[in-house]
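Trainee: Just so it is clear: in the sequence shown, position 526 is 836 by the numbering used here, and no numbers are missing. C-beta: ideal position from N, C-alpha, C; glycine also. Take a look at this one; I'll ask things after.
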Amino acid sequence: MAKTMLKTKFLALFVFYVSVSARNTGKPNIVFLLTDDQDVKLGGQTPMAKTKNLVGDKGIIFENMYVSAPLCCPSRSSILTGKYVHSNGAVNNSLAGNCSSPYWQRTQEVKAFPTYLKKQGYTTFFAGKYLNQYGTPNAGGVQHVPPGWDWWMGLVGNSKYYNYHLSVNGSLEVHKSDPEKDYFTDVINRHATSFLDVQSSNSSPFFMMLSTPACHGPFTPAPKYQNNFANQTAPRDGSYNKHGYDKHWLIQQAITPLPNDTVKTEDNVFRNRWRTLLSVDDMMENVINILQQKNLLDNTYIIFSSDNGFHLGQFSMPSDKRQLYEFDVRVPLMIRGPSVFPGQVIKEQVMNIDLAPTFLDIAGVPSTPDQMDGLSLTPFFSSSSNKTWARSTILIEHQGEYHENTAGCPQFKHQNMSNCNNHCVCEDSWNNTYSCVIRREPSVSPSQPGRRVKYCLLKDDENFQEMYNLDTDEDEFKNMAISLPEDDKKENETSQKKESKWVQNISDMAVKNASNGEITVDNLLTFSNFSGDASACDEQFSRLKSYINKGSEPYKSQLQPLLYPVFVHLYLDQLCNGHKTPAHRFYSKHVKLFDNEKSYSQTLESIHKLYNSTDVMGCLEATDFRENKFKIRLSEGALEYLLRHLKHEDNSTIFQIFNQNVKLENTVEEETKGRLELTEGLNVPKEESREVKEDPEDSEALATLQLSIKHVREGPPCLPSICFYTFINAYQGLCTVDISPDKTLLSAGFEDSSIKLWSTTPSLLQSTPQTVDPCKLYIAADYWNVDIIEECKPRYTETVTLRAHSGTVYKTCFSHESKYLLSASEDATVRLWDLGTHTNRVCYRGHNAPVWDLDVGSIGGYFASCSQDRTAKLWVSDRIYPVRTFAGHNLDVDCVKFHPNCNYLATGSSDRSVRLWTLQDGKAVRLLHGHRGSIMAVAFSPNGSFLASAGEDKRIRVWDLSSGQLYKELKGHTDMIHSLTFSKDSSMLASGGLDCTIRVWDLRRGVASSSSHSDGISSPELLGSYSTKSAVVTYLQYADYNLLRGAGGV
311 MAKTMLKTKF LALFVFYVSV SARNTGKPNI VFLLTDDQDV KLGGQTPMAK
361 TKNLVGDKGI IFENMYVSAP LCCPSRSSIL TGKYVHSNGA VNNSLAGNCS
411 SPYWQRTQEV KAFPTYLKKQ GYTTFFAGKY LNQYGTPNAG GVQHVPPGWD
461 WWMGLVGNSK YYNYHLSVNG SLEVHKSDPE KDYFTDVINR HATSFLDVQS
511 SNSSPFFMML STPACHGPFT PAPKYQNNFA NQTAPRDGSY NKHGYDKHWL
561 IQQAITPLPN DTVKTEDNVF RNRWRTLLSV DDMMENVINI LQQKNLLDNT
611 YIIFSSDNGF HLGQFSMPSD KRQLYEFDVR VPLMIRGPSV FPGQVIKEQV
661 MNIDLAPTFL DIAGVPSTPD QMDGLSLTPF FSSSSNKTWA RSTILIEHQG
711 EYHENTAGCP QFKHQNMSNC NNHCVCEDSW NNTYSCVIRR EPSVSPSQPG
761 RRVKYCLLKD DENFQEMYNL DTDEDEFKNM AISLPEDDKK ENETSQKKES
811 KWVQNISDMA VKNASNGEIT VDNLLTFSNF SGDASACDEQ FSRLKSYINK
861 GSEPYKSQLQ PLLYPVFVHL YLDQLCNGHK TPAHRFYSKH VKLFDNEKSY
911 SQTLESIHKL YNSTDVMGCL EATDFRENKF KIRLSEGALE YLLRHLKHED
961 NSTIFQIFNQ NVKLENTVEE ETKGRLELTE GLNVPKEESR EVKEDPEDSE
1011 ALATLQLSIK HVREGPPCLP SICFYTFINA YQGLCTVDIS PDKTLLSAGF
1061 EDSSIKLWST TPSLLQSTPQ TVDPCKLYIA ADYWNVDIIE ECKPRYTETV
1111 TLRAHSGTVY KTCFSHESKY LLSASEDATV RLWDLGTHTN RVCYRGHNAP
1161 VWDLDVGSIG GYFASCSQDR TAKLWVSDRI YPVRTFAGHN LDVDCVKFHP
1211 NCNYLATGSS DRSVRLWTLQ DGKAVRLLHG HRGSIMAVAF SPNGSFLASA
1261 GEDKRIRVWD LSSGQLYKEL KGHTDMIHSL TFSKDSSMLA SGGLDCTIRV
1311 WDLRRGVASS SSHSDGISSP ELLGSYSTKS AVVTYLQYAD YNLLRGAGGV
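Put into structure tokens, the structure is as follows:
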């Protein structure tokens, strides 16, 4: 009942959407039906006679349609993005291989073809299997609806026919095993029917993608078709049951002739694959019938294809798809539509990466997006016989998957194999990694067309090569590379890689990645380069090991488990950066440390066999270790003991391991061990544990509460209370104000080189004299008049003045623990002040011009400065020289700010640009243009997703860091803006400057409120405007409880 209501609700919402959409602009509709593992070579299209008759015979059949990879997720990712596997990054079916990983979603999914169709006014519909990891918890769960889809029904995980979960517009829908209700292909068919029922010639154009589980395993046919093809067997021709003597080693390990039980299994699989396709054939017929009944067929393109092929006994390999041969990499493709001349059979080589550009071309997108590798197929639609095709070469890639242990095959323990049958014939392995180029060679003469050659290079111990003439050897029996001279092999490899865009020079790659937004802030440490420097890794780990092992209890026993994850990650990171020999030397030197830990032995043995980044990505133990954070529980004392070591010397490599791969949890349990129970025997009341019984009457109250919460969340944000400190008669020339994180101190910097401190509480400021004060020299006579005891007593005053700078103080900034104050000055120095003694502790020199701004990082004692010398610099408080210089701006760097994760730094400049830098290598990963004047303030949202910038042009620009695009532009200020700050939940932004007003803006997505404060000049996001009565707004900062603190001078 609940499921039915859920479907009805979504359908009702969708009907409403269609009813208010724009009228059809004359653009054609598009229907794309995608099957799973459907081959061409083994007669995979035979059971789909209706589809061939309704689509192929009335349109085009492409005989040489290839996939970018013979595996589900990489191939489907290529279909969605129009990019080769090495370009879109999804190399296998695991999260570690970027199959629907959060990183892939942020960088590739946002530019998939549905997002472009939406911009063309299309209503988009998806039903079926999406990507193998879609909907899993680590891929965003069922709540994640890929961008660009209006109506979404995505399968969670890999293909199933019964007992599966769906994401229906972001909500979970559970299906069980009722053949009438739950057979998945039929469910897709019913949803497609519901969608088409609300379409008409007056509706907006639509794109409908139907992605069936057929004919993928578990090969479950619908009940009505379970007895069809009873006498059919797998094809016995071609390479069936033939041994691949000249093939790579994985093919050679097959058993020939095939065992009888394997033959029987293959025949059963073959019959059931065909049976599952009969339901797909019915669905195609149903869709076309509905389109015809609604007079939509003549304005609809219908495309039919599959994600990869399949084999059943070819070269004696039992049943799978991951090989480089035609039966695995060639799939069906049929297209019919308004401008498609029927009855054509095309022999040119096309690919699945061509589908996305074709969809966009049909939809009216002027040109194929630059990041796509594919080509539009529309030139083939006409009947002209002199068509030219721009591609002579295609690229196919596969990265082998493996497991450390193979169930039922103990002989393969630690051999890195996978997909092995009961006879231990394995279909994949760590080095079944290859790239193939299929090329149409130039014609010798009009009567002698150039041959079609497939050349493959495997990444194994032999660098094995295979080469076939596909015109004369369609079953790929003869490997021509066996007799090919070595020089020809190398020439073949290099030239064909270049033609297929497999090789790019560094400058081309950098430009392309920058334009495509490949580098994103959301990746956190993903793009902060880890050099894997062997000497640094070994040195820092040795120091940490020695420090922990020499420590005293209870810290030693708590910290020793920390060495294991640090060791493993340092070793894997060195391998990933190409340092194979130093990595294995590092492993051999330190692995004995874990000899007594039996639980670690399996992982340590597995990773010892790895040699490079490809091996690491293919090893499940290594990828699991890198994907999940290692949890360590430490007491407060142990944590402080560890940090004391890490801060003492350069341990940046260890810090990065902690940030990315280790989760440190603080616990008080260890600290309470051994303590006396002081309440024992006393009459101290103890809490009683009571069983809480659910009251049926509470359900209505709970529903009301949830509705109220929803209204609060979706309603306008609550405007903040504002506490504004006004400096009156600031004759010294107020330049900067800051409030300490503990909210007890207020600092100000002035043009007369002074810094002043006030207490924001009723208490007076306390100054503790130093034991040795170099500013005071005492001689013997002074002791007659000086009371040394009185001199050492703390002093209490209302205001403290700090003097040491020899120029205007442009910025003051408190440390996070509120014990120190940093100041920047016209004298090109930065100074550190002790707030206990109110004295200058350190003077940092590194800039050669006035220092305009400062910011303090959230970890590790780091701070950053920027200057008129056009640079920003990174400092550590215990070093008097900068540890990193960020150079690239053309004029003064006026403002600087740390990202909340402390891995990135933003700078704003008089050259009207904002740059985002990585702290690890000092490189700029974002360049943001658009301001019309100097940028005086930048601010990050607490969630790290947005960066706001403002300055002389009186406008605020809010940037989406994941894409590097402008998110909002806010107008309303009438003079220069000096201060920006986000609310704690990142939903609001406050700004202030020379126009003596504080303005609060609503930054939620899709919000353009018609606020009463909007005067036609201000942006509609303006929530409120508050005058400070002639006080320039120098400082703004959101505090707890939605309190906005500000300060300025009159």
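Does the distance from the CB of V1152 to the CB of S1177 come in under 7 Å?
Mentor: The residue labelled residue 1152 in the question sits at position 842 within the sequence shown. The residue labelled residue 1177 in the question sits at position 867 within the sequence shown. Cβ atoms of V1152 and S1177: not closer than 7 Å.
Trainee: Should A379 and H708 be called a contact, given that it needs their Cβ atoms to be closer than 7 Å?
Mentor: Reading the sequence shown from its first residue, position 69 is the one you call residue 379. Reading the sequence shown from its first residue, position 398 is the one you call residue 708. Yes, the Cβ-Cβ distance between A379 and H708 is below 7 Å.
Trainee: Which residues in the same chain have their Cβ closer than 6 Å to the Cβ of S1187, if we skip the five residues on either side of it in sequence?
Mentor: What you label residue 1187 is simply residue 877 of the sequence shown in a count that begins at 1. Answer for S1187: G1171, listed in chain order.
Trainee: Can you round the beta-carbon distance between L670 and Y426 to whole angstroms, since I take them to be within the 8 Å contact cut?
Mentor: Working through the sequence shown from its first residue, we reach residue 670 at position 360. Working through the sequence shown from its first residue, we reach residue 426 at position 116. The Cβ separation is near 5 Å, so the contact holds.
Trainee: Evaluate C408 with the Cβ neighbour count: other Cβ atoms within 10 Å of its Cβ, from every protein chain shown; 16 or more gives buried, anything less gives exposed.
Mentor: Position 98 of the sequence shown, counted from the first residue, corresponds to residue 408. Strictly speaking, residue 408 in this sequence is Asn, with Cys absent from that position. Buried, because 16 or more other Cβ atoms sit within 10 Å of the Cβ of N408.
Trainee: Give the range of the beta strand (DSSP E) segment to which Y1120 is assigned.
Mentor: As a first step, residue 1120 must be located in the sequence shown, where it is residue number 810. Looking at the DSSP string, the run of the beta strand (DSSP E) that includes Y1120 is V1119 to F1124.
Trainee: For the 8 Å Cβ check, are there 3 or more pairs between the region 468-476 and the region 546-555?
Mentor: With the cut-off at 8 Å, the region 468-476 and the region 546-555 do not touch.
Trainee: Buried or exposed: T668, going by 16 or more other Cβ atoms within 10 Å of its Cβ?
Mentor: Mapped onto the sequence shown, residue 668 falls at position 358. So T668 ends up on the buried side.
Trainee: Please report the distance separating the alpha-carbon of S1321 from that of S1328.
Mentor: Here the question's residue 1321 lines up with position 1011 in the sequence shown. Here the question's residue 1328 lines up with position 1018 in the sequence shown. Interpretation of S1321 is limited by its pLDDT of 40, a score under 50 that renders its predicted location unreliable; no figure is taken from the coordinates.
Trainee: Can you have a look at P424 and say buried or exposed, based on whether 16 or more other CB atoms are within 10 angstroms of its CB?
Mentor: Position 114 of the sequence shown, counted from the first residue, corresponds to residue 424. Buried.
Trainee: Would you be able to state if there are at least three C-beta pairs under 8 Å between the region 491-500 and the region 559-575?
Mentor: Flag = no, the region 559-575 and the region 491-500 do not touch.
Trainee: So, G1356 versus V1343, is the Cβ gap smaller than 7 Å?
Mentor: Locating residue 1356 in the sequence shown gives position 1046, where the first residue counts as 1. Locating residue 1343 in the sequence shown gives position 1033, where the first residue counts as 1. Yes, the Cβ-Cβ distance between G1356 and V1343 is below 7 Å.
Trainee: Let's see if you can read the secondary structure: which residues bound the beta strand (DSSP E) around N969?
Mentor: Position 659 of the sequence shown, counted from the start, is the residue given in the question as residue 969. From DSSP, N969 is part of no beta strand (DSSP E) but of the alpha helix (DSSP H) over S962 to N971.
Trainee: For K1281, list the residues DSSP reports as bridge partners.
Mentor: Taking the first residue of the sequence shown as position 1, residue 1281 is located at position 971. DSSP lists R1265 as partners of K1281.
Trainee: How long is the line joining the alpha carbons of D934 and A524, rounded to whole angstroms?
Mentor: Here residue 934 refers to the residue found at position 624 when the sequence shown is read from its first residue. Here residue 524 refers to the residue found at position 214 when the sequence shown is read from its first residue. Rounded to the nearest angstrom, the two C-alpha atoms are 30 Å apart.
Trainee: What does the Cβ neighbour count give for C382, buried or exposed, with the cut at 16 atoms within 10 Å?
Mentor: Residue numbering aside, residue 382 sits at position 72 when the sequence shown is read from its first letter. Under this definition C382 is a buried residue.
Trainee: Within the continuous alpha helix (DSSP H) that includes A502, where are the two ends?
Mentor: What you label residue 502 is simply residue 192 of the sequence shown in a count that begins at 1. That run of the alpha helix (DSSP H) goes F494 to D507.
Trainee: Take L869 and list the residues in its own chain whose beta-carbon comes closer than 8 Å to its own, dropping the five residues that flank it on each side.
Mentor: The residue given as residue 869 occupies position 559 in the sequence shown. Around L869: I858, G861, L944, A948, Y951 and L952.
Trainee: For the beta strand (DSSP E) that L1067 lies in, which residues bound it at each end?
Mentor: Here residue 1067 refers to the residue found at position 757 when the sequence shown is read from its first residue. S1064 to S1069 is the extent of the beta strand (DSSP E) around L1067.
Trainee: According to the neighbour-count rule (16 or more other Cβ atoms, all chains shown, within 10 Å of its Cβ), is R1113 buried or exposed?
Mentor: As a working mapping, residue 1113 is identified with position 803 in the sequence shown. Classification of R1113: exposed, given that the 10 Å Cβ count is below 16.
Trainee: DSSP state of G1356, grouped into three classes?
Mentor: Along the sequence shown, read from residue 1 onward, the residue named residue 1356 stands at position 1046. If DSSP states are grouped into helix, strand and coil, G1356 belongs with the strands.
Trainee: Write down the C-beta distance between E784 and L634 rounded to the nearest angstrom, noting that I regard them as a contact closer than 8 Å.
Mentor: Walking along the sequence shown from the start, residue 784 turns up at place 474. Walking along the sequence shown from the start, residue 634 turns up at place 324. Contact doesn't hold; Cβ gap of about 15 Å is too wide.
Trainee: With a threshold of 7 Å between beta carbons, is Q415 in contact with chain C?
Mentor: The question asks about chain C, but that chain is absent: this structure has only one protein chain.
Trainee: Candidates G1261, F1256 and Y1348: which alpha carbon is nearest K1278's?
Mentor: As a first step, residue 1278 must be located in the sequence shown, where it is residue number 968. Nearest C-alpha to K1278: F1256.
Trainee: What residues in its chain sit with their C-beta under 8 Å from that of E931, if we drop five residues either side in the sequence?
Mentor: Indexing the sequence shown from 1 puts residue 931 at position 621. Around E931: E714, Q912, T913, S916 and I917.
Trainee: CB-CB under 6 Å to G1146, same chain, minus the five flanking residues each way: which ones, in chain order?
Mentor: Position 836 of the sequence shown, counted from the start, is the residue given in the question as residue 1146. If we look at G1146 and ignore the five residues flanking it on each side, its Cβ neighbours are T1078.
Trainee: Would you kindly work out how many angstroms separate the C-alpha atoms of A1362 and D1137, rounded to a whole number?
Mentor: Nothing in the structure corresponds to residue 1362, since the chain is present only between 311 and 1360.
Trainee: To which residues of the same chain is T924 closer than 7 Å at the C-beta, ignoring the five residues directly before and after it?
Mentor: Along the sequence shown, one-based indexing puts residue 924 at 614. These residues qualify, in order along the chain: Q709, T743 and K769.
Trainee: Closer than 8 Å is the cut-off here; do at least three beta carbon pairs connect the region 734-742 with the region 394-414?
Mentor: Too few Cβ pairs lie closer than 8 Å, so no.
Trainee: Decide yes or no for the touch test of the region 479-487 against the region 503-510: beta carbon pairs closer than 8 Å, at least 3 of them.
Mentor: Contact fails: fewer than three Cβ-Cβ distances are below 8 Å.
Trainee: Taking only three categories from DSSP, how would you classify G399?
Mentor: For this step, residue 399 is matched to residue 89 along the sequence shown. Three-state result, G399: coil.
Trainee: Decide if V650 is buried, meaning its Cβ has at least 16 other Cβ atoms within 10 Å, or exposed.
Mentor: If you number the sequence shown from 1, residue 650 lands on position 340. Classification for V650: buried.
Trainee: What runs of the alpha helix (DSSP H), each 4 residues or longer, lie entirely inside the region 416-479?
Mentor: Within the region 416-479, the complete alpha helix (DSSP H) runs of at least 4 residues are 423-429.
Trainee: Could you give the residue range of the beta strand (DSSP E) that holds L1131?
Mentor: Position 821 of the sequence shown holds residue 1131. Where L1131 is concerned, the enclosing beta strand (DSSP E) stretches over Y1130 to S1135.
Trainee: Provide the residue span of the alpha helix (DSSP H) that contains I598, from first to last.
Mentor: For the purposes of this step, residue 598 is taken as residue 288 along the sequence shown, with counting starting at 1. Looking at the DSSP string, the run of the alpha helix (DSSP H) that includes I598 is N570 to Q603.
Trainee: Cβ atoms of N789 and D556: under 7 Å apart, would you say?
Mentor: Position 246 of the sequence shown, counting from 1, holds the residue named residue 556. Position 479 of the sequence shown, counting from 1, holds the residue named residue 789. Their beta carbons are under 7 Å apart, which means D556 touches N789 by this criterion.
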